[in-house]
Structure formats: structure tokens, C-alpha cells
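Novice:
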Amino acid sequence: MRMSKIVRTAADILYPAILIFGLYIVAHGHLTPGGGFQGGAVIATGGALVIVAYNYKEVTGWLKKNVLTGQEVSGLVGFIGVGLLALAFGQVFFFNYLVGSGSIFGMPVPYGINPGELNTAGIVPLMNFAVGIEVWGGLTVVILYMLSGLEKEGC
Amino acid sequence: MIDVWILAVFCLTVLMAFAVVRLVLGPTAPDRVIALDTVNTLVIASMILLGVVFQEIIIVDVAIVYGLLSFVSTLYIAKYIGGEL
Amino acid sequence: MLWNLPFITVVVLTLIGLVTVLLKKNIIKILLGINILNSAANLFLITLGYREGGVAPIFTLAPSELMVLPTPQALVLTSIVIGVATSALVLSFAIVLQKKYGTVDIDKIRRLHG
Amino acid sequence: MDLIAPLLTGYGIWAPVTWLVAFVAAVIVVYLLWKTGESSYKKGTELERPYLSGNVEPEKGAVHIRASNLYWGFLQALKGYYDVLVPVHTGILTDYMIWFVAVTALVLVIVGMLS
Amino acid sequence: MTVVEILIYTCLVIGVVFNSLGVLGLLRFPDLYTRMHATTKATTFGSIFTSLAVVVYGLSMFFSQNASQYLNLAIHAFLAAAFLAFTNAVSAHAIARAAHKSGIKPMLAVVDRLEEAKL
Amino acid sequence: MIEQIPQILVLLGLIVSAVLTFHFKDLLAATLAAGLFSFLISLEFYILQAPDVAISQAAIGAGLTTAIFIIAIRATKRFEGEGS
Amino acid sequence: MTVADFLFTNAPALLVVIPLFAAFICPVAGKISSTIRNLWVMGMMLVTAAVAFILAFRVFVTGPVLYVFGAAAANLAVPLDSGGIPIRIIFTVDAMSAFMDIICAIVGVSVLLYSLSSESRNSGLEGYYTLFFLMIAGVFGMVSTGDLFNFFVFLEILSLASAGMIAYRIDGGLAVEAALKYFILSTLGAIFVLFAIGVYYGQYNALNIAMIAQRMQFTMLDKIALVLLVAALAMKCGAVPLHFWTPDAYSMAPSSVTAFLVVASQASLYGLFRVVFTMYNITMNCVTVGWIIIIFGVLSMVVGVTMAIPQKDIKRLMAYHAVSQTGYMLLGVGVGLAVLGNTTLTSAFGFMAMEGGIFHIFNHAMYKGLLFLTAGAIFYRIGTRDLNRMGGLGHTMKYTMIFFIIGALAIAGIPPFNGFASKLMIYESVYLFNPLLAIIAMVVSILTLASFVKVFHSVFMGPKLPEYADVKEAPLPMLIGMGILAAIVILFGLFPQPVVDILVAPAAHALADQGGYIASVLGGA
Amino acid sequence: MIPFLVTTGMAFLLYLILTAGSGSIGFWSLSELAMGAVLAMITGLVTRKFLCRSESYRLLSPIRLLLLLVYVPVPFFIELMKANLDVAYRVITLNIRPGIIRVHSGLKTDLGIFMLANSITLTPGTLSVGIDEETNDLFIHTINIAEGDEKKEIIESTELFRLVNLPAWIRRIAE
Amino acid sequence: MKKVLVVGASLLIMAAFFGMIALNLTFGSPKTTDMDDYFLRNGQELTGSNNECTAVVFDFRGFDTLGESTVLFCAIVGVGLMFRKMQGGEEYEDE
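Residue numbers (the working numbering), protein chains in the order written: chain A, 1 to 155; chain B, 156 to 240; chain C, 241 to 354; chain D, 355 to 469; chain E, 470 to 588; chain F, 589 to 672; chain G, 673 to 1197; chain H, 1198 to 1372; chain I, 1373 to 1467.
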């Protein structure tokens, strides 16, 4: 059953805010506390908020299990792919081949306390995004699966 | 200057302990839920204050995460208590 | 002043978790006990990495150079994820068992014995 | 690498290929001996049918000895042992976890105190 | 004692006092709904004020030292407080509705229109 | 001195909430106590200068774990020892 | 750089990454079509096995292989400016790890081939194959890693995947019950392992096994950590009195999974040996710990086999035998451990006992896998596991019967199959250590034979039962899967000495040689 | 299309607020702006159906936004202050007279009723307990019902707020 | 009754030995910190990340993180298997 109109409106307003905040955490994983897993969990909790505010039938129309599973798989494949790309360059698996290269995420960082610049850290932000996408899909789909296990359908 | 912040954190922590009393006593489940909510609010407030105590600007993000997410579990519990889940 | 209080808390939490796991009969309660044990292990690791007067190991605008050890935090992140995965799997087992057996009481879930 | 080298156990040797050759030879010898004997069994006569003191031959399924009936004597002989052992496998998860923690504690005492 | 410090002290004191009142109400009031009045209003208000102290501190440091990270602190503290107020109100509504649905009646109530409306 | 007391109180609160989790027969209340445990352990991580872990404990403990526990309680029994 | 060089360098990483990658793609491939999925699964499994064999070849030819994740070069374990400490995750593949890799690869290929047809009637197959590959990755990771926390992570992967697989047949609820027992016990064990890791970290600030071994002082804390690790890993490998999950889980999982669960248990056994031999070695009191392991082993042998005799469920019976055979390995290696500090005794019979125990790991994986697969074939055709309701299947399932006979004779230690070779090594060396233990081991072997005679009689012998009149032989892929294992059983039984020389003796020496392990990681420190 | 743009804009705004003080272009650095645009677009794609569910874009007009910015710190805060003093008084004296009354809100949009309910929950000794989804009437638990109010079937929402007319403000903002 | 006694005894032993762990370690000043000092000293240069925790998670111990994601994936696949719809003609369990 749906919850009351007030909760639904709050969920509608908060879901984009949670989403952008989670993405902020993911993107700033190498500068501020956070990272792929934390950001993904935050976003997944936003999904849980939408799921609780509406009923199961409605929600499965907006958050599709197939899409979420695809997200999860693509996140994982991306994560492994970023690592495997190092093998293509003749490096060791998980070698940080982007740091200091000057290309995307490739600005060098001096040692010591500094204000932080987003465009650094090589493959770390890429991995953050991959893990974030994976956790986003995975944890949301867990809640959907568990709701589908309730005896009374459509709650 | 720092001492004042710590004193405030101390007061909030003590208040948290009192709120836990209601969580223990609470005759019904909703009583416990609102006690938990109170603890929640106090935790967020003390986290913001502790960010100043430690002089670390960036770790206030944790408080925002709490502020955004702590009510999701409350909603689940409310939906369950209301018999709608 | 603080002495070894966090470590002692870890020990007490471990014991409470073990008691919950060993004496309770409900699967969900046992899982809560396992969560407590897991959190105790996490707290143990974090406590091992704490340095008196250190700050979080983040160089962005940090107030000082003395930092706590970063490795335990990385380990605990992994451990937390594993805890969530465990919870989800055991709870889904509990739901399926409720459907098939009509109970989640450990004493009654014993068709496999001998 | 000598493929058919015998296995040195430190105390003796074990040469499977030699053993196998000997075994096959023995089997052949036994077969030859057996072949020399004369069979009194004649196909297509009354000899084929079982004789159960004149009773009716039971159904095929009933002749088969089921698994539970095997080793009945062995189980009876060790009844005291099995009466202790089988109830230990209660099927209750709590008991299993208690065993785990208790054995850990026991080993803790042994290793911590004695060594 | 500068003006800023006085402002910060005032905010902190107000925040702590209202938080205490909220917790006191949580302990003293007779039934769920009245307790909820205490917690949602007083603790939210108190927490907003403690955060406001941090905001004032951050802004003052920003303007006195011109270090942009203090602006960041102020904004983040303000956002935390804003989200807190927002979500507290919603969760209070949800809990009150669920409790009423589950059959917990308000004590000492002079009138109960929701019961009559059968929603 | 004064800065240690909040930490001691949080540690005591951890133990108290763990005991509560053990004690409650009502699984909903036990889950709530576990939620309290999660909040407090996150605060403890925060005090011990591990904000990454605190965020992750916050996101997991505050929302998701409680949610799936509630769903599981809904699918099973609310009270411990309730007959089948 | 040629392909061969590339493979040679990166084999340790690919060993884990390929199964993981295959697992990640599996759900998507399953959505497209089942043929594509089967091709993908089989191809990836063959590639994985090929990589495992290449890696094992390299290890047995050139010695331990290092792979440092994320370093500038694959064997740069210790950065120049770090003052002699390894900082990254290091895969240290020595002879023992390579030995386990080979076992896992062989059993994995045959089991996957088998399950292509045995599970074809079921739903949720993409999940099945995904979890199967995750199990393979978990075993490979556990046996190749040189980092304690990484070991824990792979242990968790293995136990989650195994739990999902055990609960695969959800219709009756029994499988879920077994999975629940297995999973909660292994989670408890994993938490103990985590505590032990914390203790090591707090004392030595290191997570690398070689580094911990080098800094090991055997204080009180180390003793506690040792006990936690030993108890948790002994529970995971199913030693009595911590074996209670084994019969439940082994009997309720699909047969193909059970055959692989044997390998999974042995990976835990490997972990136990790794902890005891490489991390502690002679800094600890070898005699006490050795005797603890010997007692675990003897209890496992006796209790396992005696519990097996009265069983009525064919897979449960075999599961108890698995417990019993685990006892042999523990006994052999425990004897080796108990005399480790004493050079004369070690060279007299200690190494021989260890070689026997390690060889038995290989043999057990092969024949027990074979037996479980035959049990699965029987279940596939007649739909029951109850021995009382079986009979006369020898008339129709001839190949299955032959494979069963091979497996049963091998497990009972009848010459010339491979079980005899390893058991003989164990008997003779253990007899020199303590005659009583050797006698117990022989009696257990006899009882094993007796119990398999019972199974053979009640399943295959007797007249054709009317209810199973139209039972057919198992499908071809299943027979091929069993055939691979049976061929290896015979082969290793006929030519044991080359196997011992090439595979087992290096593994045993690698296990006992702590200094060599540390030197291979830390560079002659 | 419009929902996507609106959501993206809002998300970008929030992102900018979050990362203020990171660089020299205004308060922001170039990489933050670029990353913010990308992330906001992702947010817009995923949640375009949520933020603009009611398909009404009244709140986009600058006057209403300005009013919202004024509403929260001034009238709302005054009522908040008053409510808290009231609660403080009740906590200390325990002088209460509770009851649940029905309030006619007269608002039509979801957003309006949402704002009113939240304002009611946070402000004068009241707590929204239920809502009639058809007529948008609120059921409100009041800690101290004025004499005679319990007789009335429906109370106008303006009667609840003595100092500032919050419903009027909300109507001006949301409708 | 016997069960409770066994539990009590083993928990007492566990408490004693775990207490030994707690008393032998020192809070706030780890004995050796050479590995983590290396991370703090060289982490920024090697990985370019200001957050050393993330640097450890994704670079120095990146393989652990891959394993962690895999654990989550594992659990999700397992949960999906638990709640799948069974089709007709599947193998059944007897008893």
C-alpha cells in the first residue's frame, strides 16, 4: 500500500537530492570522506525511500530489476576492465596508469596538506564510479527481491 | 573557544543517554521509534559540533548523510506498524 | 584517562554477541547477534589504528600532519560490506524457511539430523 | 622420469604396475583352472528355477535386501556407542555453534596454558 | 568577547536548552502523541540552533581569514540542519499516522476526529 | 578530561544497546536497538577519526540494514518464541 | 611481448580474474539464450583450467611465483624506499598452491561438464553458473594469495557462493535449512578469522603472511590468534567435532556442487596448513599443535566412518566418508607437524607423513568427486537418494556402476587405485610415529570398504526392480565428467611415484620450508 | 524534456552549493563545474519522473522562489520560535488538553499540502496525524485545544496560526 | 541445563583470553607503524589521491575491493536465486 501523500511528496523531492548527494560522494571519493561504496549505498537508500513511499507494483515500473541488474554487472565489468586495461599497456593488474599522465584525472598532487583538486588520482575516481554504480544497482535490487518474497503481492 | 564546543557535545551525549531511557521503557513500539529519532537528531547535532572540535571541515559530510538517510528506517518501521507493508 | 576502554568494550561486545548467538532461538535474533559480533570486530580494527592526537588520513585541508593509520579503515570498509551481504542472504533464507516450514525457530528447523 | 618406478614409502616399496601384472597373471591362472572344471549346469531345464522348499517364488522386488537390513548385527553390537553418537547430531544449529565455541575455548586453554 | 562569540554562545545555549527540554518532554509526557510534540519540535529546533552556531562560526572565520574552507563548513552544517528539519517533520507524520492506524489512541483526548472519520 | 567523557558515554551506550538487542523479546524493538547500536558505533568511528567508515556505517546501518530486517520481520513473526 | 610471455607473467592474476569475469557476464549471457550461456561457461572454464596448468607448470619448473597487484613490476614485492616491507597485495604461488590449483582446475572442468546436462531441467541456471564460477574464483584466490586479509575476503566469497549453491533447490526447504546451518557457522568462523587478523595487525602492523612470519614472536596474543584461526579453518574443513554442517550441506546441495564443495573444504584445509606451517612453523610449540591436529584427525576418521555405516541417504553417507577421509589428511600432516622441530625424525618419517597427507588431498578430491557425481547420476535418473528404495540399477546403468566401483575401491584403499598409494604412505610413516594411530587408520579403512559394499549392494545389485524398469543410462556429458575423474583415479593409482616426485614432494617441502617462503617474498631477508 | 531540464537544474544548484569554495571561478573550479554538469545530467535522466511528478512548474517563477526563501527564515521561523516556547511551557507544567481535530486546508496541490503539513508539524503545538486524500483535509493532533474548538466539525487552517498567516504564504508560494 | 553450563564455561574462558588481548595492546599508540607510515608518506605521490583511505582501498589494496564487490554480487545472486519462480518438471527433493 502507498504511504500518505505527504510522505510521497517528500520522497519525490528527496530522491533527486539524495541522488546528487550520493554522486557527489562518489565523485569526491579521493578528496573527502566517501567513495564508491558509500555513495552507492546512499543512492540505494534513496531507492529504498522511493520503494517505501509507494507500493511494490508501482515501484517496479520505475526501478526495473533488469536495469538494476545490468547496472550492477556493468559496474563490476567496468571495475575489472579498468584494472585489466593496465595489462594492455604492459603493466601489472590494477596499476595506476593514469596518475600524473596529464590526461583525465591525471593532475599530479604535491605531498602535504592542500585544498584538493578534483582532476587527480588517476584510476581511483574511475573505480569509484564503477563501484558506485554497482552498489547502487545491487543494494536496490536486494530490497526489491526481498519485497517480492513477501506473501501478499503488491504491498 | 574549543572548550565550549566540547561542553556542548558533552551535554548532547548526556541527553542521548536520557533518550535511551525512553527507548528502554517505551511501552509501545512507536515510543521506541521516537526515542530513536531523538537520539538520531542528537547524533547529527553532535557530529556537526565535533567537526568544529576536530577542526576538520570535510568530515561534516557524515552528518549530511545521516540527516538525509536516517528517516528511511523510520519510514519502514512506520509502514510496518501501520500494517501497510 | 581513557586507558584501554575501547578494547574492553570490544571484548564485552564480543561476549554479548556470542551469548546472543548461542542462547537465542530465533534466526533473526541470531543474525542480530552476528551483526554485533561483526561490529565488534570492526571497532577492534579501527581502535587498533587510532593514534593519540591524530586526524583522519585525508590531506584535504587537514589541520595537522599526524594522522591515524589508514589501513584498518580500508579493512573495515570491506568488512562492513561483507556484513551487509551476510545479513541479506541470511534474511532471505529466513523468509524462505518461514514459507516452507512455517517457523523461524531454530529448535524446530531440524529435519536434517542423525 | 621412470614412469613405472615403485612408490618409496620410506619403509618399503609399492609397485603398482608389478602388482597389476601379477594380479592379472593370477586371474588368468585362476580362470584357466576354473575352465578345466566340468559344469553340471544345464541350460533350459529345471535347474534354472530356484527351489524354495516348494514355496512360491517371491517377487523380484522382495528378494532384494534393502540397505537398512545390512549390518544389522554390527549396529547391534555397537549399540552403546551409537546411542551416544547419533543423538549428538541433533540438527539444531545452536548446539552446533556451542560445539564450535566450546572446542575453541578448549583449544585456547590447551595452547594458552600448556605451551 | 567579541560579538561573534556572544552570538555563538547564545546559539549553543539555546540549542542545548531546547534539546534538554525535548528529551525532558520525551520522558515526562503521558502518551505517544504528546511526546512526539516534544521531540519533533524541541529537538529539531535545538539541533538547528547548534548547527546555527557552527554556521556563524564558519562565516565569521570565512570573513575574518578569507579561507574558503570555512564557507564550506558553514554551508555543509546548514545543509545538514535543513535536511534534518525536513526529514524529522516527515518521519513524525509517518509515525503518528502509523501509530493511530495500529490502534494507539491519544490519552486524555477531548476529541478524536480521525477516529470518527474512519480513514 | 572533559573531552574523554563523551567517548566513554558512547562506549557505554554501545554496551547498553547491545544488551538491549539481546534482551528484547519483540523483534521490532530488538531491531530498533540494533539501529541505535549502529548510530552509536558510527559516532564512535567518527570520534576515532575514521569518517569513511562512519559514512559507510551510516548509509548501511541507518537505512538499508534496518529496512531489510523490517521486511524479514514482516515476512516472519514479530515476537520471538511465537508459536507456528 | 609474446602471448606466452604475457601468460607467464600474468597467470596468477588471470587465474582469479577470468572466473570472476566469467561470473559477471553470466547473468547477461543467460538472458540472451541458454546455448550461448553454456558455450560461454564451458569456454571460460577451459581457459581458466589452461591458465591454472600454465601457472602450475611455471611454479614446478622455476620455483615460487610472485604477483604484486598494482606495483610497477609484477615481482616488485618490496618497494625500494619502503625499508623492506611489502605494502601491496601479493599473490605468492608456491608448489603447495600450485598443487591445489591443479586439483581445483581438474574438478572444476569435470563438474562443469557434468552439470551442463545434470542441471538442465532447473530454473535459475544463470545464477547457478555465476555462483559456480565465484566458487572457483574463491578457491583459486584462497590458495594463491599471500595476504591474510585477502585470504579472508576470498574465504567469504567462497562461503557466500557455497551457501547460495547449497540452497539452490529451494522447493522442499531442506536445502535452505542446510545452507543456513553452513552459512551461520562459517560466518562465525569468519569473524574469528577477522579477530585474528586484527591481533596480527595490532602487533606487527603487517598483513602479508611472509611479513608476519618474519616478525613472529609467539607471544600470548599470537597463541590466541593461532587458536582462533585453527578452530575456524578446522570448522570450515569439517573436522570432528566441528563437522556438523558437513553431512547436511553435502547431502542437500546438487551433486555437482557437492563434488566441488569437497575442493572448497580442502582449500580451508590448505589455509590451516598454511597458517600452521608458514606463519608459525617452529617458533611455536609444534608438538602441542601437532597433537591437536592429530586428535582432530583421529576423531574425524573414527566418528566419520562409524556415522556413515547406519546412514540411509546415499549422499549423506558419502558426506560422512568425506569427513572421515579429511581425518587422514589431518593425521598425515599433523604427524609431520609434530616432529617438525626434530630434524632426524622429520627426515625419517615426517616428510613421508606429510607427503601422504598432501597426496591424499589430491586423491580424495578425485574419488570423492567421482562418487558424488555417480550419486548425482543415480538421483538424476530415479529421483531419490534413499538407499532403501534403490536396487538393481546395475542392469541398466552399467557405466555409472563401473565408475562407482572405481571410486569405492579407491576410497577404501584397495590396490591398485590411488587411495591405496596415499594411505600406504600414511600408514607406514604414522606407524613409526605411533603404532596405535596407524592401526586406527587401517581399521577405519576396513570400515570404509564395508560401508561402500553396503551401498554397492543396495544400489546396483539385486534383481531389476519394477519401479525402475525404464531407467536409462546417464547422459553423455555426465559420463564424460565422471570419466575424466575415473581416468585420473586409475592413472594416479598405477603410477604414484612420478606423481609424488613431481607434484607432492615439492608441495610438502614448500609447506615445511618457512625460510624459503619468506625469502621468496622479502628477497632473502 | 522540461522535467529533465528542471531536475538537472535543481541538481546542479545543489551540487554547486555542496562544492562552494573549491576554486577561483566564482567559488568553483573548472573541474568541479564540469563534473557537476555531468552528474546533474545523470540525476536528471534518472529522476526526471520524480521531482516533476505533478507536472506543475509554478515554483519555477522567480517571485515564488524568492517568496520561499523569505518564507523559511522569517514567518516560519517566528512561528517555530513561538511553538517551541509553548512546548517548553507545556513540558515544565504538564498543562495539556490534547485532541485530534480536522482542519480544512483549502490547498489543492501536493506540494502545498506537503508544505502545510510540515509547517504544522514543526510549528504551533500541533502535529499532523492523518490526511484525507480526497479533500486534502488534515487531521491534526493539538496539544492544547482552545475551549470550544472541539465542538466544531472542521476548523479553518488560518485559525491555528495566531501570529503569521502561514497558509496564505503557502498559497502564494505553491499555488 | 548442561548446555548453559558449557556455554558459561566456554564464554568465561573466551572472556579471559580476549581480555588478555585487550590488556596487552595499547590504545592510542600502536607499537609498529612502518607500513602505514609508508602509505601516509608516499600515498599522495603514488596514487594522486588526497584521501589516503581511498588510496589504500582502491590502489594499494585494490584487489580486496574487487573481492568485496564480488561478495556483494554473490549475495545478490544468492538472494535472487532464493526468490526465483520455479518452473515445472524440476528435480524434487524426497523426504
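In this text, a Cβ means the ideal position worked out from N, Cα and C, and glycines have one as well.
Are L687/G and L727/G close, meaning C-beta to C-beta below 8 Å?
Specialist: Between L687/G and L727/G, the gap from beta carbon to beta carbon is short of 8 Å.
Novice: Excluding sequence positions up to five away, which residues of its chain have a Cβ less than 8 Å from the Cβ of I1351/H?
Specialist: R1299, V1300, H1301 and D1334
Novice: Taking a Cβ distance cut-off of 9 Å, strictly less, list which residues of the segment 1400–1417 of chain I are near chain C, in chain order.
Specialist: G1400, S1401, P1402, T1405, M1407, D1408, D1409, F1411, L1412, G1415 and Q1416
Novice: L476/E to Q595/F, Cα distance in whole Å?
Specialist: Taking the straight line from one Cα to the other gives about 28 Å.
Novice: Name the DSSP beta bridge partners of F1336/H, please?
Specialist: R1299/H and G1327/H
Novice: Between which two residues does the alpha helix (DSSP H) containing V737/G stretch?
Specialist: That residue, V737/G, is in no alpha helix (DSSP H); its beta strand (DSSP E) goes V737 to V740.
Novice: Do I1112/G and M973/G count as a contact pair if the criterion is CB distance below 8 Å?
Specialist: In this structure, I1112/G lies closer than 8 Å to M973/G by Cβ.
Novice: L1042/G and F1075/G: beta carbons closer than 8 Å?
Specialist: yes
Novice: Just to make sure I have the definition right: I need the residues of chain E whose C-beta is within less than 7 Å of the C-beta of A48/A. Which are they?
Specialist: Under the 7 Å cutoff, chain E gives no residues; its nearest Cβ is about 14 Å from A48/A.
Novice: Please report the distance separating the alpha-carbon of G1079/G from that of A334/C.
Specialist: 37 Å
Novice: Is A17/A close to chain C? Criterion is C-beta to C-beta, closer than 8 Å.
Specialist: no
Novice: Can you list, in chain order, the residues of its chain with a C-beta nearer than 6 Å to that of E153/A? Leave out the 5 residues immediately preceding and following it.
Specialist: Annotation note: pLDDT 47 at E153/A (below 50); position unreliable, coordinate value reported separately. The beta carbon of E153/A sits closer than 6 Å to none of the beta carbons in its chain outside the five residues before and after it.
Novice: Which partner residues of I298/C appear in the DSSP bridge assignment?
Specialist: N1423/I
Novice: What does DSSP give as the partner residues of V383/D in its beta bridges?
Specialist: The partner list for V383/D (beta bridge, DSSP) is empty, contrary to what the question assumes.
Novice: Is any beta-carbon of chain H found at less than 8 Å from that of S4/A?
Specialist: yes
Novice: Taking 8 Å as the threshold, find out whether the segment 768–788 of chain G comes into contact with the segment 831–846 of chain G through three or more Cβ pairs.
Specialist: The answer is no - the segment 831–846 of chain G does not touch the segment 768–788 of chain G, with fewer than three Cβ pairs under 8 Å.
Novice: I want to see whether chain A comes within less than 8 Å of V1428/I, judged by CB atoms only; does it?
Specialist: no
Novice: Give me the chain G residues within the contact set of V77/A, using Cβ-Cβ distance strictly less than 8 Å, ordered along the chain.
Specialist: F693, F696 and I697
Novice: Would the segment 425–445 of chain D and the segment 870–887 of chain G be scored as touching if the rule is three or more Cβ pairs under 8 Å?
Specialist: Cβ pair count under 8 Å is below three, so no.
Novice: In whole angstroms, what separates the C-alpha of T950/G from that of D894/G?
Specialist: 14 Å
Novice: In this structure, does DSSP put R1294/H in helix, strand or coil?
Specialist: Note: R1294/H maps to strand in three-state DSSP.
Novice: Using CA atoms only, rank isn't needed, just tell me which of V215/B, V175/B and P182/B is closest to M202/B.
Specialist: V215/B
Novice: Please name the residue in W243/C, L331/C and L337/C whose C-alpha comes closest to that of L1395/I.
Specialist: Distances from the CA of L1395/I to each of W243/C, L331/C and L337/C were compared; the closest alpha carbon is that of W243/C.
Novice: Does the segment 101–112 of chain A come into contact with the segment 11–20 of chain A, if we say contact requires no fewer than three beta-carbon pairs (one atom in each stretch) closer than 8 Å?
Specialist: no
Novice: List the residues that DSSP assigns as beta-bridge partners of M170/A.
Specialist: No answer is possible for residue 170/A: the residues shown for chain A start at 1 and end at 155.
Novice: Below 8 Å on C-beta distance, what does S148/A contact in chain I?
Specialist: F1455
Novice: Examine chain H for any beta-carbon lying closer than 8 Å to the beta-carbon of N128/A, and answer yes or no.
Specialist: Taking Cβ atoms only, chain H never reaches closer than 8 Å to N128/A, which makes this a no.
Novice: Report the residues of the segment 1382–1398 of chain I with a CB closer than 7 Å to any CB of chain G, ordered along the chain.
Specialist: F1389, M1392, I1393, N1396 and L1397
Novice: Under the assumption that I452/D contacts L262/C (Cβ atoms under 8 Å), give the Cβ distance between them as a whole number of angstroms.
Specialist: Indeed they touch by this definition, with Cβ atoms about 6 Å apart.
Novice: Among A1037/G, L1104/G and G1063/G, which has the Cα closest to the Cα of A1082/G?
Specialist: A1037/G
Novice: Hey, could you find the ends of the beta strand (DSSP E) I762/G is sitting in?
Specialist: I762 to V765
Novice: Which term fits L449/D, buried or exposed, when burial requires 16 or more other beta carbons within 10 angstroms of its beta carbon?
Specialist: Note on identity: in this sequence residue 449/D is Asp, with Leu being the wrong assignment. Residue burial is scored here from C-beta neighbours: D449/D has at least 16 other C-beta atoms within 10 angstroms and is therefore classed as buried.
Novice: Kindly confirm or deny that the segment 612–627 of chain F and the segment 184–192 of chain B touch, where touching means at least three C-beta pairs closer than 8 Å.
Specialist: Result yes; three or more Cβ-Cβ pairs closer than 8 Å.
Novice: Tell me where the alpha helix (DSSP H) around Q595/F begins and ends.
Specialist: I593 to H611
Novice: Considering only residues of the same chain and omitting the five flanking positions on each side of V970/G, which have a CB-CB separation below 7 Å?
Specialist: G999, L1003, L1109 and I1112
Novice: My assumption, with CB atoms under 8 Å, is that D1406/I sits in contact with G755/G. Please give the rounded CB distance.
Specialist: 6 Å
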